[in-house]
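*Asks:*
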Amino acid sequence: MNLQNNNSVKDFLIDEVLRDFTNNSKDPELLEKISVLRNEKTSEPLIFVGAGTCGLGAGAAKTLKSVRKYIEDQDIKARVIETGCIGLCAVEPIMDVQLPGFNRIMFQNVTEDKVNEVLDAVFQLEVPEEFVLGQSDYTDAKKWDGVRFLREHPFFAPQKRLVLKNCGIIDPVNIDEYIARGGYKSYIKAINVHSPAGVCDIIEKSGLRGRGGGGFPTGLKWKFANKEESDQKYLICNADEGDPGAFMDRAVIEGDPHRLIEGMAIGAYAIGATRAYIYIRAEYPLAIERLEIAIEQAKEYGLVGENIFETGVDFDIKIKKGAGAFVCGEETALMHSIEGKRGMPRPRPPFPTTTGLFGKPSVINNVETFANVSDILLNGAEWFASTGTEKSKGTKVFALSGKIALTGLVEIPMGTTVREIIFDIAGGILNNRKFKAVQIGGPSGGCITEENLDIQVDYDSLINVGAMMGSGGLVVMDEETCMVDVAKFFMGFIQRESCGKCIPCREGTKRLLEILESMTSKPDAANTEALDRFKGVMQIEKLSQVIKDTSLCGLGQTAPNPVLSTYKWFRDEYEAHLYDRHCPAGVCQNLKVYKIDVDKCTGCTVCIKKCPVDAIIGSRKSPHFIVEDKCIGCGACYEACKFDAIEVV
Numbered sequence: 237m238n239l240q241n242n243n244s245v246k247d248f249l250i251d252e253v254l255r256d257f258t259n260n261s262k263d264p265e266l267l268e269k270i271s272v273l274r275n276e277k278t279s280e281p282l283i284f285v286g287a288g289t290c291g292l293g294a295g296a297a298k299t300l301k302s303v304r305k306y307i308e309d310q311d312i313k314a315r316v317i318e319t320g321c322i323g324l325c326a327v328e329p330i331m332d333v334q335l336p337g338f339n340r341i342m343f344q345n346v347t348e349d350k351v352n353e354v355l356d357a358v359f360q361l362e363v364p365e366e367f368v369l370g371q372s373d374y375t376d377a378k379k380w381d382g383v384r385f386l387r388e389h390p391f392f393a394p395q396k397r398l399v400l401k402n403c404g405i406i407d408p409v410n411i412d413e414y415i416a417r418g419g420y421k422s423y424i425k426a427i428n429v430h431s432p433a434g435v436c437d438i439i440e441k442s443g444l445r446g447r448g449g450g451g452f453p454t455g456l457k458w459k460f461a462n463k464e465e466s467d468q469k470y471l472i473c474n475a476d477e478g479d480p481g482a483f484m485d486r487a488v489i490e491g492d493p494h495r496l497i498e499g500m501a502i503g504a505y506a507i508g509a510t511r512a513y514i515y516i517r518a519e520y521p522l523a524i525e526r527l528e529i530a531i532e533q534a535k536e537y538g539l540v541g542e543n544i545f546e547t548g549v550d551f552d553i554k555i556k557k558g559a560g561a562f563v564c565g566e567e568t569a570l571m572h573s574i575e576g577k578r579g580m581p582r583p584r585p586p587f588p589t590t591t592g593l594f595g596k597p598s599v600i601n602n603v604e605t606f607a608n609v610s611d612i613l614l615n616g617a618e619w620f621a622s623t624g625t626e627k628s629k630g631t632k633v634f635a636l637s638g639k640i641a642l643t644g645l646v647e648i649p650m651g652t653t654v655r656e657i658i659f660d661i662a663g664g665i666l667n668n669r670k671f672k673a674v675q676i677g678g679p680s681g682g683c684i685t686e687e688n689l690d691i692q693v694d695y696d697s698l699i700n701v702g703a704m705m706g707s708g709g710l711v712v713m714d715e716e717t718c719m720v721d722v723a724k725f726f727m728g729f730i731q732r733e734s735c736g737k738c739i740p741c742r743e744g745t746k747r748l749l750e751i752l753e754s755m756t757s758k759p760d761a762a763n764t765e766a767l768d769r770f771k772g773v774m775q776i777e778k779l780s781q782v783i784k785d786t787s788l789c790g791l792g793q794t795a796p797n798p799v800l801s802t803y804k805w806f807r808d809e810y811e812a813h814l815y816d817r818h819c820p821a822g823v824c825q826n827l828k829v830y831k832i833d834v835d836k837c838t839g840c841t842v843c844i845k846k847c848p849v850d851a852i853i854g855s856r857k858s859p860h861f862i863v864e865d866k867c868i869g870c871g872a873c874y875e876a877c878k879f880d881a882i883e884v885v
C-alpha cells in the first residue's frame, strides 16, 4: 500500500507527522492504513527473512529460495519480505512469520532444509520449539501460547534499541513503512518549526557525542559550521568502517537506510549545507545497493531535492565509494579521497568546519551519530540525555565478536558495564573457557582485563584504563589467546594501512612490528638476534610514546595503543616470550618446541615423511629424534603421529 493512494505524501508528512498520529489521531482510516504499513496488521501471511550480509553469509539466500518454493508448491498467497540484521548474528538465518490476526513469531537457524518443517508447523498453528526465538507484542494481535516476547530474550532484554529499533523488523527499501513508523517526521518538523541554529542547540543540549571514536560533541561541531559564512557547505557521513571486527555501520545501513538519510538531512539543514556525501567502502555492496534505492525513493517523495515542500530548503546527497583504506577513516584523509586525491591526512587547524571539503566549511560524522538525530528531534534533548552517564549520553552500538557464545550487534545504554555486555548479553565465553581480555576500539583501542570488567562503558572511563570507545568493535579473547600475538596482529594491520606521510607513524609502527615479530619468532643462536630483541623490548614504551606525541593524525597518535595496553596488562606474557622463548597460550607457532618420547616412538617413519624441512632423523623401528635447530614448528609431525609419541613443550 502506498501513502499516495489517498493522501499526497506532502499532505501526509506536513499535516500528520507533526502530531503524534499513533496515539492522538482520531482518523480510524488513517490509523488502519498506518497499522497495515507497519505490518502490524495483515490480510495475508507475511514471511520475513533476515537478508543482511551476516544472514546471507549464513545461508539466508538459500532460505529465501526455499521459502518462495514452499509457498508456490503449497499454493499459498503470502508475501516474502527481506529485512536487515536484527543483531543476533550467531543464530542466522532468521525467519519470521506473521499470520493474519497473530503476532509475528521469529525462528532461528532456519537453513534451507528446515524451511518446510517450520512453515508446516506454523501454518497448522503449531510452534516448532527447536527453532523458536520469540514473538512480537502487537497489542491487538493474538499471542502464541508458551512463546516469550522477543524483548524478553536474554540477548535483547538488557538492550535499549534506539539506533537499531527498525533493523531486522522493517523492509529497508520500503519508504512507506519507514514513514508509517514516524520516519521523516523529525526532518519535516525541523525545516518547518526550527531554525538551523535551533536544531544545533537541541543536538548540543542532548549531549550527543560523535560515535566514530573521538567523542567530540556533535551539536558543538554543527554550531562551528553553522556560524561560518560560505556560498557552499558540505555534510559528510563516514561509513568507511575500517576497524577489524566492526560491522555496526554496515548493519544500520542495510537494515534502516532511511534513518541515515533523515539524520543527514537534518544535519545539513542545521549547518546550512545543501550537498552531502556518504563515504562508504566498496566492500559493502548490499549496503550501497539499499542506500541507492532509499535515496531514489526519498527523491521521488520530495524529501531530497530542491525547495523541499516549498520551504526553500535544498538537499542533495551522493554516494562516494572508498577503496578500503583504513587511513580514510581520518576526516581530512576522507575529504581528500572524495576530492579525488590520495587519502592522506593534513595538519589541523584549520579544522574541517572552517576549511573542509573543496576548501568549504564541512562537517563529518559517522553513521551511528546521524542515526541518533531523528529521535532526538522527535522526542527532545532531555529525553536523549536521560539515558547514559553524566558525560556520555544515549546508547552505544557494539559489534560483538571473538570467543563468546553469542556474536552479533547490540545497543546498550551508556554506563552499562563490560561484564554485563559479555556475560549477560553475549552469553559468556565460548565453551566455558576463562575470560582473558576484550579489545575495544579496534586497532586504535586497547584491552580491558578481568580486573576491569566492571568498568562502565563511557568515553572517559575507558580512556582511564588505556582503552577507548572507538567506533564500537568489541573482540573478546579467552585463555587460549596470546596477547603478544594480538598486539602483533593489530600492529601489522596499522603498519600496512599507514599512509606513510609522516615518519613517526610510517617508520615507528614498522619498528614496533619488527620487535613483536622477533619476540614470536624462533631465535637464531648463531647471531646477535637475542640481544637485539631484548634491546627492542626495552624500547617499546619509549618508541610508542614518540609515535603518540609526534604523529600527524589521530590514527598515528593512537597506533601504539594495542601494544601499550597488552604490555601493561600482560607483561608476564611478554617476558615469557622474551626470556623463556615460550608462548604460554601455545599460539605462536615459531616458539613451539616439539620433542619425541622415545619410549612411545615405534619408528614407523611417518613423521619423517611428513616433515617439510627434514628436521627428523632416525631409522625404521628405532626411536626418532627432532633436530630443534631445523624444526620450523609447523606441527605436521604432531598431527601425523598415531602413537602420541610427539609432544609440545
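Under the working numbering, the sequence shown has 696 at position 460, and the numbering climbs by one with no breaks.
Quick reminder that beta carbons are idealized off the backbone N, C-alpha and C, glycines included.
(1) Please state the DSSP three-state secondary structure of GLN371.
(2) Mind checking whether MET704 and SER680 have CB atoms under 8 Å apart?
(3) Could you give the first and the last residue of the continuous alpha helix (DSSP H) run that contains THR289?
(4) Below 8 Å, can you find three or more Cβ-Cβ pairs linking the stretch 499-515 to the stretch 560-576?
(5) Judging by CA-CA distance, which residue of PRO480, ILE524 and LEU456 is the nearest neighbour of ILE497?
(6) Rounded to a whole number of angstroms, what is the C-alpha to C-alpha distance between LYS804 and CYS819?
(7) So GLY450 and GLU440 are supposed to be a Cβ contact under 8 Å. How far apart are they, rounded?
(8) What would DSSP say about THR258, mapped onto helix, strand or coil?
(9) May I ask you to verify whether the stretch 724-732 touches the stretch 683-690, counting CB pairs closer than 8 Å and requiring at least 3?
(10) Mapping the DSSP letters down to three states, classify ILE852 as helix, strand or coil.
(11) At least one CB of chain B closer than 8 Å to the CB of GLY678: is that the case?
(12) Note down, in chain order, each residue of its chain lying with its Cβ closer than 8 Å to the Cβ of GLU656, except the 5 sequence neighbours on either side.
(13) Report the rounded CA-to-CA distance for TYR470 versus VAL693, giving the unit in angstroms.
(14) Taking the straight line between their C-alpha atoms, what separation do you get for ARG495 and LEU814?
(15) Among the residues of its own chain, which have a CB less than 6 Å from the CB of ASP332, if the five just before and after it don't count?
(16) Which residues mark the beginning and the end of the alpha helix (DSSP H) in which LEU471 is found?
(17) Give me the DSSP bridge partner(s) of ILE676.
(18) Is the stretch 658-666 close to the stretch 423-430, with three or more CB pairs under 8 Å?
(19) Would you tell me roughly how many angstroms separate the C-alpha atoms of GLU733 and ARG817, rounded to the nearest one?
(20) Can you tell me the Cβ-Cβ gap for SER780 and LEU800, rounded? I've got them flagged as a contact below 8 Å.
(21) Would you mind listing the alpha helix (DSSP H) stretches within the stretch 302-382 that are 4+ residues and don't spill past its ends, in chain order?
(22) Do you know how far the Cα of PRO859 is from the Cα of VAL712?
(23) Could you name the residues of the same chain whose beta carbon sits closer than 7 Å to that of GLY409, not counting the 5 residues immediately before and after it, in chain order?
(24) For a quick check, are the C-beta atoms of ILE691 and VAL633 less than 8 Å apart?
(25) Relative to the C-alpha of PHE594, which candidate in PHE545, VAL549 and SER466 has its C-alpha closest?
(26) Which residues does DSSP pair with ARG511 in a beta bridge?
(27) Thinking just about the alpha-carbon of each residue, which of LEU282, GLY291 and ALA287 is nearest to the one in THR643?
(28) In terms of residue numbering, what span does the beta strand (DSSP E) encompassing ASN601 cover?
(29) Would you mind working out which of GLY446, LYS301, SER271 and ALA296 sits nearest THR605, comparing C-alpha positions?
(30) First and last residue of the beta strand (DSSP E) that includes LEU282?
(31) To the nearest angstrom, how far is it from the Cα of ASP880 to the Cα of SER855?
(32) Please name the residue in LEU827, LEU752 and TRP458 whose C-alpha comes closest to that of PRO798.
(33) Which residue's Cα is closest to the Cα of LYS639: CYS718, GLY839, PRO336 and LYS866?
(34) If we require 4 or more residues per run, which alpha helix (DSSP H) segments fall completely within the stretch 586-651?
(35) Which partner residues of ARG732 appear in the DSSP bridge assignment?
*Replies:* Considering the structure as presented:
(1) What you label residue 371 is simply residue 135 of the sequence shown in a count that begins at 1. Note: GLN371 maps to strand in three-state DSSP.
(2) Taking the sequence shown and counting its residues from 1, the one referred to as residue 704 is at position 468. Taking the sequence shown and counting its residues from 1, the one referred to as residue 680 is at position 444. Yes, these two residues count as a Cβ contact at 8 Å.
(3) For the purposes of this step, residue 289 is taken as residue 53 along the sequence shown, with counting starting at 1. Start and end: 289-293.
(4) yes
(5) Looking up residue 497 in the sequence shown gives position 261. For the residues PRO480, ILE524 and LEU456, the minimum Cα distance to ILE497 belongs to ILE524.
(6) Here residue 804 refers to the residue found at position 568 when the sequence shown is read from its first residue. Here residue 819 refers to the residue found at position 583 when the sequence shown is read from its first residue. Near 17 Å, if we compare the C-alpha coordinates of CYS819 and LYS804.
(7) One-based indexing of the sequence shown puts residue 450 at position 214. One-based indexing of the sequence shown puts residue 440 at position 204. With 8 Å as the limit, GLY450 and GLU440 do not qualify as a contact, their Cβ atoms being about 16 Å apart.
(8) Counting from 1 along the sequence shown, the entry for residue 258 is found at position 22. Residue placement at THR258 is poorly supported in this model, since its pLDDT is 44, which falls under 50; the coordinates are not used for a value here.
(9) no
(10) Along the sequence shown, one-based indexing puts residue 852 at 616. Strand.
(11) The chain labelled as chain B is not found in the depicted structure, where only one protein chain is given.
(12) Counted from its first residue, the sequence shown places residue 656 at position 420. Hits under 8 Å: PRO394 and ILE648.
(13) Counted from its first residue, the sequence shown places residue 470 at position 234. Counted from its first residue, the sequence shown places residue 693 at position 457. Looking at the two C-alpha atoms, the distance is approximately 32 Å.
(14) As a first step, residue 495 is located in the sequence shown; it is residue number 259 there, counting from the start. As a first step, residue 814 is located in the sequence shown; it is residue number 578 there, counting from the start. Using only the alpha carbons, I get a separation of about 51 Å.
(15) If you number the sequence shown from 1, residue 332 lands on position 96. Excluding positions up to five away in sequence, the list reads PHE284, ARG340 and MET342.
(16) Reading the sequence shown from its first residue, position 235 is the one you call residue 471. Per DSSP, LEU471 belongs to no alpha helix (DSSP H); it is in the beta strand (DSSP E), 470-475.
(17) For the purposes of this step, residue 676 is identified with residue 440 of the sequence shown, where counting begins at 1. Paired residue(s): GLY682 and LEU710.
(18) no
(19) The residue labelled residue 733 in the question sits at position 497 within the sequence shown. The residue labelled residue 817 in the question sits at position 581 within the sequence shown. Cα-Cα distance, rounded: 30 Å.
(20) As a position in the sequence shown, residue 780 is number 544, starting the count at 1. As a position in the sequence shown, residue 800 is number 564, starting the count at 1. That belief holds up - the Cβ atoms of SER780 and LEU800 are roughly 5 Å apart, short of 8 Å.
(21) 351-359
(22) One-based indexing of the sequence shown puts residue 712 at position 476. One-based indexing of the sequence shown puts residue 859 at position 623. Rounded to whole angstroms, VAL712 to PRO859 spans 43 Å at the Cα level.
(23) Reading the sequence shown from its first residue, position 173 is the one you call residue 409. Gly is not the amino acid found at residue 409; the sequence shown has Val there. Hits under 7 Å: ARG526, ILE529 and ALA530.
(24) In the sequence shown, counting from the first residue as 1, residue 691 sits at position 455. In the sequence shown, counting from the first residue as 1, residue 633 sits at position 397. No.
(25) Mapped onto the sequence shown, residue 594 falls at position 358. Comparing Cα-Cα distances from PHE594 to each of PHE545, VAL549 and SER466, the minimum goes to SER466.
(26) Counted from its first residue, the sequence shown places residue 511 at position 275. Bridge partners of ARG511: TYR470 and ASP552.
(27) Translated into positions along the sequence shown, residue 643 becomes position 407. Nearest of LEU282, GLY291 and ALA287 to THR643, Cα basis: GLY291.
(28) The residue labelled residue 601 in the question sits at position 365 within the sequence shown. Where ASN601 is concerned, the enclosing beta strand (DSSP E) stretches over 598-602.
(29) On the sequence shown, residue 605 is found 369 positions in, with the first residue counted as 1. Among GLY446, LYS301, SER271 and ALA296, the Cα nearest to that of THR605 is on GLY446.
(30) Locating residue 282 in the sequence shown gives position 46, counting from the first residue. 282-286 is the extent of the beta strand (DSSP E) around LEU282.
(31) Translated into the one-based positions of the sequence shown, residue 880 becomes position 644. Translated into the one-based positions of the sequence shown, residue 855 becomes position 619. Each residue's alpha carbon lies about 18 Å from the other.
(32) Sequence index remark: in the sequence shown, residue 798 carries index 562 (1-based). Answer by Cα proximity: LEU752.
(33) The count along the sequence shown starts at 1 and reaches residue 639 at position 403. Taking only the C-alpha atoms, the option nearest LYS639 is CYS718.
(34) 603-615 and 617-621
(35) One-based indexing of the sequence shown puts residue 732 at position 496. Paired residue(s): none; ARG732 is not in a bridge.
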